[in-house]
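So the sequences go chain by chain: W and H.
The numbering used here puts the first residue of the first sequence at 1, with every later residue one more than the last.
The numbering used here puts the first residue of the second sequence at 1001, with every later residue one more than the last.
All C-beta atoms in this analysis are idealised placements derived from N, C-alpha and C, irrespective of residue type, glycine included.
Below is one structure, written out as structure tokens; the observations come after it.
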Amino acid sequence: MTDTATDYHQMWAELGLDLPMHDALLEAVGGMYGSTFMTQNNRPAGMGYLDFVMSEVHGLRIKELDDFRKNGGKVVGTYCLYVPEELIRAAGAWSVGICAGAEWAYDEVEQILPRNTCALIKSMMGFKLGMVCPYLEEADLLIGETTCDGKKKAYEELGKLQNLHVMELPQMKREKDVAFWRSELVDLIAKLEELTGNKITAESLSAAIKEVNDKRRALQRIAAARAADPAPISGLDALLAVQVAFYDDVPRFTASMNALADELDARVSAGAGVAPKGAKRVLITGTPMALPNWKLHEIVEKAGGVVVGEEMCTGSRYYEKLVSEDATTVDDMLDDIAAKYLDINCACFTPNTGRIDDVIRMAKDLGADGVIDYALNFCGTYQIESAGVAKAVQAADMPVLRIETDYSAEDVGQLSTRVEAFLEML
Amino acid sequence: MRVLGLDIGSRTVDAVWLEDGRVTDSVIADSGFDPAAVARGFVERGAHDALVATGYGRHAARDAFSCGVVTEIKAYGLGVHALFPQAGSVLDIGGQDTKVIVLGDDGRVTDFEMNDKCAAGTGKFLEVMARALGFDLAHMAEQALNAQGDEIQISSMCTVFAESEVTGLVHRGEDRAAIARGLHVAIAKRTLGSLKRIRATGPLVFAGGVANNEAMVRLIRAGFDGEVLVPTTAQTVGALGAALSYSDGS
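As structure tokens, this is what we get:
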């Protein structure tokens, strides 16, 4: 995956990356990508776009960000889909989701964070402490959020290393919480206007809402196509599409995903699929899977199953709801944005019964044979919700497998046995 | 139609030959350093028309022999159901892991839990403790069964730390039979906890190598709410189930 045509080392050096470690990271991820994605059968041709994106993951895209910034543009890094991309874009800045999907620099991370911290948070810190993420180094501003305890406290440390604005996400969804959240959006707007020198107007915000909705619509089309049997695209490929959605160029990504969706629709009409007929169909629900965390999907699909949906932030929660396009004033648009974003069913909220409804509905709509509930180790919120999810799935007459894991390769053997046994049950 | 079922485990490779549904031969062999070679020995007997492998080494077997594979979960479910059609659940304490399996009315697996993150409470644990106590395995079980006097609590479940604890107790002059009993009680407690968590109902079939341990059986029987059955062929249930899976149709 290391690019032979263009050498980006100069650019990476200028960003202050630890070059040898960064090379090692790229080689590892490239190797993983090859063995995980490129060995799949009958992939849609439209995946060629994402293969290209991944081959240039720290190359071309970084160059785009670099050029954008050299021309006065601002890049804003985010860690959570509660941060409205619309506001960032309306201020003329680019929103980039920062990856946190691999173990890195744990020795340094564990000087600051407890060893028993969720892998996603450790990865977030590790990529920064290890100086191996060019997206971090291109970010003029990072936005954190008070989602879970781990993130809340970890941002205190991250904020010492980089320009970081933390938004307070409420814990509940009552009227006063929506009002409070809206006030956080107002603060964010002030921050973004200060950063970019641009004012957010009704025109710029309306345009941004439409752009981001269009991206979501394209992903909705891909998601809907997966309800077909045989599934026209693998879970791995669909997951990757959402992971890349967080940081790719919005109009280009949207166009590419619509082309992919067209191809999937054609496949569905022709009855063409990626897995043999009778392959067991699985819905995965749980904690987000940040790039390059492909572990569970790979285990399921290498065991002969096909993942037909993800009820998670790197899945349905990213694209299933749109912001209303009816408003004409910034005030009204802010109401809509606040409402749509708080309507996301993450376990950091209480209560979160909506998530259980989503899981059951998605399992039925997507024709899943079973559900896997996935939680990262030490993730209190999702681990505690796991029992409720499992109970509801069983009450709906579907088998469920509960998995707790991290990013390491240590338990892949055991997980594979469990997943295989689960597939045998379906 | 002769089917050979192989359970390629960490400690033993078990083989069961089925002819038209009846067991014609079964062998338990030490895995040694090369479980694949041990498995190959069974395969090369050539006494089968079809081959299915289960256990830790099943994927390697599939690559080597192009055979079918089935997980130990399904294999144990099928094996137990064949031996005891009325079984409601299965407990398998093996060399390195412990499984609890819940069976539906038709004998199909409906739920399972594998405690495979560490060897606490498995056959390996008992082997290490037996050595620390200066008993052989069978003798230790007997000692545990017949121990008198006050209960000795073992606080560590980690095999390595428990061994240190046991050595300490022995040096302090504690009765080795009582220590052995304390170890078995600790394992039984943990195991019964797993069974409760998964809501396993009786009849419970206790299989796997550790089911040959009379002290363990007695303790599980005492603590489980339901009938506990132990097959005479406890250790080869997996291999039997693998062979049965060939005609299982799924």
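Less than 8 angstroms between the beta carbons of residue i and residue j, yes or no?
| i | j | result |
| --- | --- | --- |
| residue 228 of chain W | residue 261 of chain W | no |
| residue 1009 of chain H | residue 1031 of chain H | yes |
| residue 1223 of chain H | residue 1192 of chain H | yes |
| residue 1084 of chain H | residue 1205 of chain H | yes |
| residue 1147 of chain H | residue 1180 of chain H | yes |
| residue 427 of chain W | residue 378 of chain W | The question about residue 427 of chain W has no answer here: the residues shown for chain W are numbered 1 through 426. |
| residue 154 of chain W | residue 126 of chain W | no |
| residue 373 of chain W | residue 402 of chain W | yes |
| residue 115 of chain W | residue 334 of chain W | no |
| residue 1129 of chain H | residue 1160 of chain H | no |
| residue 419 of chain W | residue 300 of chain W | yes |
| residue 199 of chain W | residue 165 of chain W | no |
| residue 23 of chain W | residue 130 of chain W | no |
| residue 78 of chain W | residue 98 of chain W | yes |
| residue 55 of chain W | residue 76 of chain W | no |
| residue 514 of chain W | residue 143 of chain W | Examination of residue 514 of chain W is not possible in this model, given that chain W is present from 1 through 426 alone. |
| residue 253 of chain W | residue 245 of chain W | yes |
| residue 325 of chain W | residue 205 of chain W | no |
| residue 137 of chain W | residue 69 of chain W | no |
| residue 1248 of chain H | residue 1078 of chain H | yes |
| residue 302 of chain W | residue 370 of chain W | no |
| residue 44 of chain W | residue 361 of chain W | no |
| residue 1054 of chain H | residue 1241 of chain H | yes |
| residue 389 of chain W | residue 285 of chain W | yes |
| residue 1207 of chain H | residue 1231 of chain H | yes |
| residue 230 of chain W | residue 270 of chain W | no |
Just verifying my parser: in three-state terms, what is the DSSP assignment at residue i?
| i | result |
| --- | --- |
| residue 307 of chain W | strand |
| residue 117 of chain W | coil |
| residue 1099 of chain H | strand |
| residue 1072 of chain H | helix |
| residue 234 of chain W | coil |
| residue 1198 of chain H | coil |
| residue 360 of chain W | helix |
| residue 1257 of chain H | One cannot answer for residue 1257 of chain H here, as it falls past the ends of chain H, which runs 1001 to 1250. |
| residue 374 of chain W | strand |
| residue 1250 of chain H | Bear in mind that the predicted position of residue 1250 of chain H carries a pLDDT of just 48, short of 50, making it too unreliable to give a figure here. |
| residue 1230 of chain H | coil |
| residue 1244 of chain H | helix |
| residue 1212 of chain H | helix |
| residue 369 of chain W | coil |
| residue 244 of chain W | helix |
| residue 67 of chain W | helix |
| residue 387 of chain W | helix |
| residue 62 of chain W | helix |
| residue 1006 of chain H | strand |
| residue 405 of chain W | strand |
| residue 1091 of chain H | strand |
| residue 72 of chain W | coil |
| residue 323 of chain W | coil |
For residue i, I'd like the list of residues in its chain whose CB is within less than 8 angstroms of its CB, leaving aside the five on either flank, ordered along the chain.
| i | result |
| --- | --- |
| residue 239 of chain W | 289, 294, 297, 307, 310, 314 and 315 |
| residue 1250 of chain H | Confidence in residue 1250 of chain H is poor, its pLDDT being 48 and thus under 50, which makes the residue's placement unreliable; the coordinate value appears in the next sentence. Correct list: empty, nothing qualifies. |
| residue 242 of chain W | 219, 310, 314, 315, 318 and 319 |
| residue 121 of chain W | 100, 113, 150, 151 and 154 |
Below 8 angstroms on the Cβ atoms is my guess for residue i versus residue j; work out the distance and round it to an integer in Å.
| i | j | result |
| --- | --- | --- |
| residue 1003 of chain H | residue 1052 of chain H | 7 angstroms |
| residue 1075 of chain H | residue 1182 of chain H | Their Cβ separation, rounded to whole angstroms, is 33 angstroms, which puts residue 1075 of chain H and residue 1182 of chain H out of contact at 8 angstroms. |
| residue 1071 of chain H | residue 404 of chain W | With a Cβ gap of about 19 angstroms, residue 1071 of chain H and residue 404 of chain W do not count as contacting. |
| residue 1133 of chain H | residue 1176 of chain H | 5 angstroms |
| residue 1026 of chain H | residue 1098 of chain H | Not quite, the Cβ-Cβ distance comes to about 23 angstroms (not below 8 angstroms), so this is no contact. |
| residue 250 of chain W | residue 211 of chain W | 5 angstroms |
| residue 1200 of chain H | residue 1100 of chain H | 6 angstroms |
| residue 232 of chain W | residue 264 of chain W | 4 angstroms |
Got a sec? Which residues, its chain only, sit under 6 angstroms from residue i by beta carbon, not counting five neighbours each side?
| i | result |
| --- | --- |
| residue 74 of chain W | 93, 140, 195 and 196 |
| residue 1049 of chain H | 1001 and 1002 |
| residue 1096 of chain H | 1010, 1119, 1122 and 1124 |
Please decide whether residue i counts as near chain C, where near means a Cβ-Cβ distance under 8 angstroms.
| i | result |
| --- | --- |
| residue 1129 of chain H | Absence of chain C from the displayed structure is noted, the protein chains being W and H. |
Please go through the same chain and pick out, in chain order, the residues whose beta-carbon is closer than 7 angstroms to the beta-carbon of residue i, but skip the five residues on each side of it.
| i | result |
| --- | --- |
| residue 16 of chain W | 131 and 137 |
| residue 215 of chain W | 245, 250, 253 and 254 |
Please specify which runs of the beta strand (DSSP E), each continuous and at least 3 residues long, are wholly inside the stretch 92-172 of chain W, giving them in chain order. Listed in chain order, they are 94-97, 141-145 and 164-167.
At what residue ranges does the stretch 247-315 of chain W contain a whole run of the beta strand (DSSP E), taking only runs of 3 or more? With a minimum length of 3 residues, the continuous beta strand (DSSP E) runs that stay inside the stretch 247-315 of chain W are 281-286 and 306-311.
Report the start-end ranges of each alpha helix (DSSP H) in the stretch 1120-1182 of chain H that is 4 residues or longer and not cut off at the edges. Listed in chain order, the complete alpha helix (DSSP H) runs (minimum 4 residues) inside the stretch 1120-1182 of chain H are 1123-1133, 1137-1146 and 1159-1171.
Enumerated in chain order, which unbroken segments of the beta strand (DSSP E) with a length of 3 residues or greater are wholly contained in the stretch 1009-1075 of chain H? Those beta strand (DSSP E) runs which fall completely within the stretch 1009-1075 of chain H and span 3+ residues are 1012-1019, 1022-1030 and 1050-1054.
So within the stretch 177-229 of chain W, which uninterrupted alpha helix (DSSP H) runs reach at least 4 residues, ignoring any that extend past its ends? Secondary structure in the stretch 177-229 of chain W: the alpha helix (DSSP H) runs of 4 residues or longer, each lying completely within the stretch, are 202-225 in chain order.
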